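Undergrad: Residue numbers (the numbering used here), protein chains in the order written: chain A, 1 to 112; chain B, 113 to 226. Think of the CB as a built atom: it goes at the ideal place given N, C-alpha and C, for glycine as much as any other residue. These numbers come from a predicted model, not from an experiment. Quick one: the structure is below, questions incoming.
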């Protein structure tokens with residue numbers, strides 16, 4: 001079963017709008033990471049938020065983490081056509097194997 | 113510094129054939145892993161290694177073998193390919209001295225089993 005589950009599965013917006021993706025997970029974590037995947041390519045790390053952090057910013061990205069609700073959100077502000085990609089959350093579990101567990105992703109389409 | 117390099121990029125196999133997906137990293141990372149990605153399923157962990165000589169099973173290990181004779185290389189072997197192994201395979205690595213390090217991915221290997 002997937003530790004992280006993203007919502008929505010697909011999102012289509014216009015250029016300039018904000019895009020929000022959500023991730024829920026099941027177990028205690030050390031950190032949560034967001035990755036981006038362009039079509040036909042590998043995943044690229046975007047941002048990491050530790051379990052003792054509540055919010056983090058990186059450029060046009062804003063990530064929040066609510067450990068009480070076991071959820072995170074990724075906000076992309078002022079979206080661009082080049083932001084079109086799939087976005088995955090990945091959890092680094094507190095216990096268990098030292099591997100990230102990925103959700104099934106959100107496919108973002110930004111219309112020019 | 114090439115990062116994580118996977119070969120081949122594309123491969124078509126017949127059912128029952130065996131093959132090895134190669135993975136190499138030049139970042140001196142201790143931790144390496146193999147994932148498979150299927151439509152709507154995200155990435156699922158096949159096998160991983162926390163250092164040379166040490167491997168362990170992930171979420172979906174059946175039908176795959178790995179070895180880690182050096183820090184740099186982590187090949188994935190398909191013993192007897194089956195159509196259910198048609199997927200995109202990603203090798204990844206990270207420094208494992210402390211959790212919280214990000215993962216670096218290869219560009220993927222597209223495998224089709226007919």
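Specify the secondary structure class of residue 9/A as computed by DSSP and reduced to three states.
TA: As a first step, residue 9/A is located in the first chain; it is residue number 9 there, counting from the start. Three-state result, residue 9/A: coil.
Undergrad: Per DSSP, what are the beta-bridge partners of residue 166/B in this structure?
TA: As a first step, residue 166/B must be located in the second chain, where it is residue number 54. In the DSSP output, where bridge partners are listed per residue, residue 166/B has 163/B.
Undergrad: Return the CA-CA distance between residue 130/B and residue 190/B, expressed in angstroms with no decimal places.
TA: By one-based count along the second chain, residue 130/B stands at place 18. By one-based count along the second chain, residue 190/B stands at place 78. For the pair residue 130/B and residue 190/B, the Cα-to-Cα distance works out to about 5 Å.
Undergrad: Counting beta carbon pairs with one atom in the region 153–170 of chain B and one in the region 115–130 of chain B, are three or more of them shorter than 8 Å?
TA: Segments in contact, no.
Undergrad: Please tell me whether residue 184/B has its Cβ less than 8 Å away from any Cβ of chain A.
TA: In the second chain, counting from the first residue as 1, residue 184/B sits at position 72. Not closer than 8 Å to any Cβ of chain A, the Cβ of residue 184/B fails to qualify, so no.
Undergrad: Name the DSSP bridge partner or partners of residue 50/A?
TA: Sequence index remark: in the first chain, residue 50/A carries index 50 (1-based). According to DSSP, which records beta bridges pairwise, residue 50/A is partnered with 31/A.
Undergrad: Indicate whether the contact test is met: 3 or more Cβ pairs, each with one atom in the region 173–192 of chain B and one in the region 141–150 of chain B, closer than 8 Å.
TA: Here the region 173–192 of chain B lies against the region 141–150 of chain B, with 3 or more beta-carbon pairs under 8 Å apart.
Undergrad: Using a Cβ-Cβ distance cut-off of 8 Å, determine whether residue 41/A contacts chain B.
TA: Reading the first chain from its first residue, position 41 is the one you call residue 41/A. Yes, contact with chain B.
Undergrad: Identify which residue in 92/A, 85/A, 14/A has its Cα closest to the Cα of residue 112/A.
TA: Here residue 112/A refers to the residue found at position 112 when the first chain is read from its first residue. Residue 112/A has its Cα closest to that of 14/A, out of 92/A, 85/A, 14/A.
Undergrad: Interface residues of chain B around residue 100/A at Cβ under 7 Å?
TA: The sequence position of residue 100/A within the first chain is 100, counting from 1. By Cβ distance, chain B contributes 215.
Undergrad: For chain A, find out if any of its Cβ atoms is closer than 8 Å to the Cβ of residue 59/B; answer yes or no.
TA: The structure shown does not extend to residue 59/B, since chain B is modelled only from 113 to 226, so the question has no answer here.
Undergrad: Could you pull the DSSP bridge partners for residue 221/B from this structure?
TA: Within the second chain, numbered from 1, the residue matching residue 221/B stands at position 109. Residue 221/B is bridged to 201/B.
Undergrad: If I measure Cβ to Cβ from residue 170/B and keep anything under 6 Å in the same chain, skipping five residues before and after, which residues do I get?
TA: Indexing the second chain from 1 puts residue 170/B at position 58. Once the five neighbours on either side are set aside, the close Cβ partners of residue 170/B are 157, 158, 159, 160.
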